[in-house]
Every structure is written in C-alpha cells, then in structure tokens.
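First to last, the protein sequences are chains A and B. Per the working numbering, the first sequence runs over residues 21 to 456. Per the working numbering, the second sequence runs over residues 3 to 324.
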Amino acid sequence: MYKKLAPVLATLTAAALFTSACSSSGDKSDDAATSTEKVALTYWSWAPNMDKVVEGWNSTHPNIQVTVNKQDGGDPAVTKLLTAIKAGSGAPDVMQAEYQKIPTLVSADALADIGKEAGSLKDKFPAAAWNAVTLGSEAVYGVPQDSGPLMFFYRSDIFEKNKLQAPKTWDDYAAAAATIHKANPKQYLGTFSASDAGLFAGLAQQAGASWWGVNGDSWTVNINDAATQKVAGYWGGLVEKGVIDNKPMYTPEWNAALNDGTQVGWVSAVWAPGVLEGSAKDTKGKWKAAAMPQWDAAGPATGNWGGSATSVTSQSKHPKQAAEFVAWLNSDPAALKLLAGTANVYPAANDATSVLTTPPAFFADQADFYTIAAEAAKVTKPFTYGPNVNVAYSAFNDAFGKAAESKKAAAFTESLVTMQKATVDDMKNSGFTVAG
Amino acid sequence: MTLTTTRPSSTAAPVARKPAPSRRARVPYAFLAPGLLLFTLFLAAPIVYAGYLSLRKVKVSGLGLGSKSRTEVWAGLSNYTRSMTDPEWLPSVYRILGYGLVVVPAMLGLALLMALLLDAGRTRPGFSGFARISIFLPYAVPAVVASLLWGFLYLPRVSPFVYTLDKLGIHAPELLSSSWVLYAVANVAVWGGTGFNMIVLYTALRAVPTSLYESARIDGASELAIAWRIKIPIVLPSLIMTFVFSMIATLQVFAEPMTLKPLSNTISFTWTPLMKVYRDAFVRNDIYAAAATSVVIAVATFVLSFGFLKLVGRRAFNQEES
C-alpha cells in the first residue's frame, strides 16, 4: 500500500513545494482595481513621523489612502527600489528620493514623469530644487520635499573661552581650528570624514563646482576641477597640520566626541539640530548656528547636504492619484506645517518660511535660526548630479579614506584624480557619451 | 584501529534489482524529485543565472535619461577582464590570504587546544559542561552583532579596555588603524568561530573509547604524549574538515569587515573580494561585473577546497586505514 502511494506522495510534495516557492511573490499591490474609486498607495520614506504627516492626507481623502512604509535611509531604499524595478514588481507607488539619486533612478527607468499633474508647481520652489527634479528637461520626476543648505555649528562657550568669533571665511575657520587645538590638544573644531561624500560634494558646490553636466547629447564629468581641488587641498592641509581630526562622522566615537566636548564644531546642514540632539545631548544650550565660512566674504554662497524629493515610481498603477498626493504633501500649507513640525524636515517650498517660526528645540535660544537657514538656502549654488553618483561617492570613500589615514594634503588632491577616473570609466563602460 | 571517518558507501541500498518492472524503476526518481527540484530552483538555477548575467551588460544610448534608453546586450568576457583588471581586485585577494593566515591557524589551534583541555577533564563533568557552552556561545552570536560589539571595544573613546589601559598609563594602539585593522577583523572571526570548531573536534574526541587512553597510560605515556600521539592523529579527519570549512569562510569573509567599515577609514569598499561583489552589485548597480566576480570566487573556492581534499585525502585517510 505504502509502496504504491510513495511516488504519488513524492510528486505531491514536490508540487506543493513548487507552488509555495513561486506564489510568495507578486501577491500584493494590485488589490485596488481601477474600476472602484478607492485607491491604496504605498509610500517609502525614512523621514521620522511621516505616517503622522500622511494621516493629514488620509483623513481628508477617503478615496486615496496612503500607507507609509518606513525605510532605513536613502541608500538602502534606493537599492531596494532598483531591485524591485529590475524584478518587475515590488516597488511602492510613492518614494522619497534624495536629489543626488534622481538621475540614477531616472536612468534606471524607476520614476514616472508627473509633469502633467505637478508641472504647475514650478514657481513654488527655488530654482535649484526644481532643476534637481526635472534634470533640466521638460519632464518632472518628483516634487522637492526638503533641502539641506550647509551651515556651520559651533560650541559658543568654547569659542568665547578662546576669544573667537564665528568664522566668516575659511581662513578664519583654519585659524580658529589652530587656536582651539593649541589651547587644548584634545579638542578639534571638526573632522574630515571620508565616509560622507555628500558633505564633500556640498563643500565643492559651495566653492563653485558642479561635478556633472550635460552638454548637448553627452555628459561632462568635472570632479577634478579647480574648485574641488581647492576644497580638497584645504581640508587635506588642516588634517596634515593636525588641527582637525581625520576620523569618520556618524560613529559611536564621533558621537562621544561631540558629547564630551572633543569635537566643538560641525560643518553640517540645516537638519543638524536633530542629529546633535541625539549625539550630544549633554551639551544642550551650548551650540550656536551660523552661516557657512566663505571663500569670498563678498559673495556668500553655500552648498547642499541631503535633501530629497517625493517621486512616483514607474511601477505605480495609479500614477495620477499618487502625483496628486505628492503635490499636496510638498506644497499644501497644512502639509508643510506638518512636515516642518512633525517630521522635522526643512521644507524646500518657498512658503516654508512662514511655517518655520520657532527655532528647533536644541537651539531654543537662537531665535534667528531659520532666518540664517533661509539666507543660506537663497545662496545655494547650482550643482548637477550625474547618473552614477554612487560610483563617484564610493570612489570618494575609498580614496579619501586612504588619504585621511595618511594625513598628507597631497594625497587629498590626488584622490580627486582617482574619483574622476572611476566615474568616467564607469560611464564609458555603460555606453554613456562622455565629453572630455 | 578505530576510525571515525564517514566514507560514502557507494552501493548502500540495492533499490533497483535487475528483474524489477519498469514502473518500479521510476520510484527512486520520484523520491529524488523533491530534492532535485529544490536543488534546481535554489542552487542550480541561480548559479546558471549568475553565469548568464556575467556575460551580459547594459548599453546606454545618449544621456541615458529617457525611459527606453537602456538595453541589455551580450558582453562576451569583458565583465571578467574588467573585474580581474580592477586595481582593487588583487590587493583584496592578497588581503584575505593574509587574513586567512591569521584566522585559520589561530582559530583551529585554539579550538583544538580547548577541545583537548575539555577532553582531558572528562572525569569532572560539571565544569566541562559549563566551559563547553561558554566557549560555544560566541558562535550563536550573529557576525554582524559580534562585529558591532567588537567595534565598540575597538573605538578608543567608547572602549572600556582603552579607558582602563589609559588609567594604568599604558597607551593602547589604535586597533582600526591601517597597521592593526587586519588583526582587528580577524579577531572577530576567531572569537565567533572557535566555539563551533571546538565542538566538532571535541565530539570527535568523545568518540574515542577510553580504553585506548588507559592502555597508553599503563604503558607510561604522559597526558601530553597521549594528546600529541593519540588524540590529535585520531581527530585529524575532523581537523581537515574544519580546515576546509574555515578556508571557505575565509574566502567569503564579508559581514565582519562590512560592519566595521563605517567606523574607520581603513576598510575600503573592496577590502575583500566578496565586498567588491557587493559594491559592484548594490553600490554601483552593476550586477554584471558582480556576477563575473562571483563566478571567479565560486570557481576559486571549488578548486581550493577540492584540491586540498584531494591532496590530504590520501595521506590523512588512507594511511590510517592500511
């Protein structure tokens, strides 16, 4: 009896295994049929409390319900999205996308053009932010959500003790770094972090660099240009002199250094208060924000670190409704209020200044915090990102990691050659037309 | 002489006898089907797919921004030449060779030493049970968690060890600096892997009948001589097996350096060959180059492990049998 059943059983088991192995994918996201009016959208974001912001939409739009799916951060979310695009399913309808990732995503055909639904929003945003979502074309690949103009943060008590003023120029910054380190060899005004390519790109942007560019039908890559060389040489010089540290940011070590007063300054962006609140909570009330040190005090400029847009993915079955939500989220006054107050982002929209009246909690004493930020946002220099930012950034990590470890200024400028070559080689290998 | 090797007995169960009808001849295949199916779905198919991808590449036209500007084309062997001529490839290979030279002897040496010590204390069961579990426990800690734990211990400002040494007036070296980082990563692997290898070796030792030791003792052999002349030769097959496992683990080291990477300047994206695969696939979004490198690593692993087994197989196993 058993012997006769065996083959049947075995085949059945195999069949069961086969079906269970295959049925695990593609069982969601098409439940909201187009015939009914109700639409369910998924939204990937890593901003804190985004679900509470979205509640504001859901309660007033019963037919378009959005579910937030919390992501770990910009990089892992993009990796997941690109994998889903390659697999043909699994992408959300709406996605938070950092500005520097948009060319990569567009190039992978991951984002939908929502020009028809959102094109009219153009005037509500600064030109630089709008350019980042259109890539200079007629298409619109998202609506700007937040921006991250670079600012300078410092421990006012330490500056007072050393009779220093907030640095107006990069020369001032270098002098302050030397003074502070001399007065207390354990203290540093900052660190050169080889793991934060985004910050370095922002610093190069401030100096006037634009690493990528479009020239007719071909790309240009200018990572090793004079402006970036100036920035790399400057930071390499500070590291070589030993007046600033050479360890990466966002490590337990760095957090401890901020908290115990070893790191007494931070070149960062408008969102820094949130980070400082977490890393350096014992120093609350001792920090002050200032405009960036300048290369040319007469012509103030700044760069960007972070900032993102909200995009509709090419896999969304309801791009129209998704675009409607995206437009509301980033331009409606009620939504801007929620974004700034609940999700703690610095909205990119021009109207945002009206909702940002009280300074962030960690800088409660500095009433002009958002005035400084708004000034900074106004003088943000234009910068074009290319389709392989990740390649350039990972080349930055490796090359500048070595340079920072060697503490030689020459190694810093040399690293730009490596970055430029890695970036151009990768583009040429993929078949992009690269001029120069 | 007793030997604990398990050799595959080639003709174990004579299932299909000659006069059996054709219907019964198909039965074994039905039994094999689930296994074969799983093997095909989850092992063979991905391998074939990786091999296929390694011969493809994406061709972009123009600026690459339009929706249909990317096409996949055949690439020949260009992904392989590109991967193998990457200036970071050979340094990463040399690095894991050095890493293996540190990890494998240290880990197996410690595992053997602990197994022998535990076995020597066989008569005191209470303590050996506790010792065995505490040595094995690190193996139960996932590599990522272990690396994070050790990362905290390596960073001077958060490490209690550095703090204590500092208070004692000793200047501790920076373990994540370029001259120490290899050992820092190796240490995590040794800490995590020793317990597992110890259990394997200890189990092999436990299979040896005590009468063997008793007769050696009567002949006047010291504990040291027993360990060196009887126990170690007996567990040699297990040692070889653990060596092969450790070698494969070395070739595939990934989680520890990847987790420690953000903490230091000294671990690059291409620190080990597998990290290069990860960078190509998920950072550079170039799965084709990643597939090519994976195929090379897989072939190298295959050749090394089977080559080694062939080399020692005859000496280690046959000598004892004859």
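The C-beta atom is built at its ideal place from N, Cα and C for all residues, glycine as well.
Residue i classed as buried or exposed, judged by whether at least 16 other C-beta atoms fall within 10 angstroms
i             : result
residue 210/A : buried
residue 367/A : buried
residue 131/B : exposed
residue 49/B  : exposed
residue 173/B : exposed
residue 31/B  : exposed
residue 51/B  : exposed
residue 121/B : buried
residue 261/B : buried
residue 67/A  : buried
residue 180/A : exposed
DSSP state of residue i mapped onto helix, strand, coil
i             : result
residue 63/A  : strand
residue 76/B  : strand
residue 28/B  : coil
residue 245/A : coil
residue 350/A : helix
residue 208/A : strand
residue 312/A : coil
residue 182/B : coil
residue 127/A : helix
residue 368/A : coil
residue 9/B   : Bear in mind that the predicted position of residue 9/B carries a pLDDT of just 46, short of 50, making it unreliable; the figure below should be weighed with that in mind. It is coil, neither helix nor strand.
residue 199/B : helix
residue 235/A : strand
residue 401/A : coil
residue 393/A : helix
residue 134/B : helix
residue 273/B : coil
residue 160/B : coil
residue 117/A : strand
residue 46/A  : Reliability fails at residue 46/A, whose pLDDT of 38 lies under 50, so the model's placement of it is uncertain and no value is given.
residue 300/A : coil
residue 88/B  : coil
residue 263/A : coil
residue 98/A  : helix
Terminal residues of the alpha helix (DSSP H) in which residue i lies
i             : result
residue 225/B : 225-228
residue 283/B : Segment: none, residue 283/B is in no alpha helix (DSSP H) and carries neither H nor E.
residue 417/A : 409-426
residue 326/A : Here residue 326/A belongs to no alpha helix (DSSP H); instead the beta strand (DSSP E) covers 324-332.
residue 182/A : Looking at the DSSP string, residue 182/A is not in any alpha helix (DSSP H), and its letter there is neither H nor E.
residue 225/A : 217-226
residue 97/B  : 91-122
residue 297/B : 289-314
residue 249/B : 238-253
residue 70/B  : Unbroken run through residue 70/B: none, as it is neither H nor E.
residue 70/A  : 70-78
residue 201/A : 190-203
residue 1/B   : The requested residue 1/B does not occur in the structure, where chain B is confined to residues 3 to 324.
residue 233/B : Careful: residue 233/B lies outside any alpha helix (DSSP H) and carries neither H nor E.
6 Å Cβ shell around residue i - same chain, five flanking residues per side excluded
i             : result
residue 507/A : Absent from the model: residue 507/A. The displayed extent of chain A is 21 to 456, so no value can be given.
residue 120/A : 405, 409
residue 225/A : 323, 401, 403
residue 276/B : 254, 256
residue 177/B : 156, 186
residue 167/B : 174
residue 373/A : 394
residue 198/B : 141
residue 421/A : 214
residue 293/B : 52, 55, 56
Own chain, CB closer than 7 Å to residue i, minus 5 neighbours either side, in chain order
i             : result
residue 313/A : 172, 187, 188, 189, 190, 192, 193
residue 228/A : 247, 401
residue 342/A : 61, 113, 114, 332, 336
Limits of the beta strand (DSSP E) - the one that residue i falls within
i             : result
residue 151/A : From DSSP, residue 151/A is part of no beta strand (DSSP E) but of the alpha helix (DSSP H) over 147-154.
residue 165/A : 163-175
residue 90/A  : 84-90
residue 286/A : 285-289
residue 61/B  : 58-62
Close Cβ partners of residue i (< 8 Å) along its chain, the five nearest in sequence each way excluded
i             : result
residue 260/A : 427, 428, 429
residue 142/A : 150
residue 92/A  : 66
Residue i CB to nearest heavy atom of the ligand ZN below 8 Å
i             : result
residue 113/B : Only the bare structure without any ligand can be found here, which leaves the ligand ZN out of the picture.
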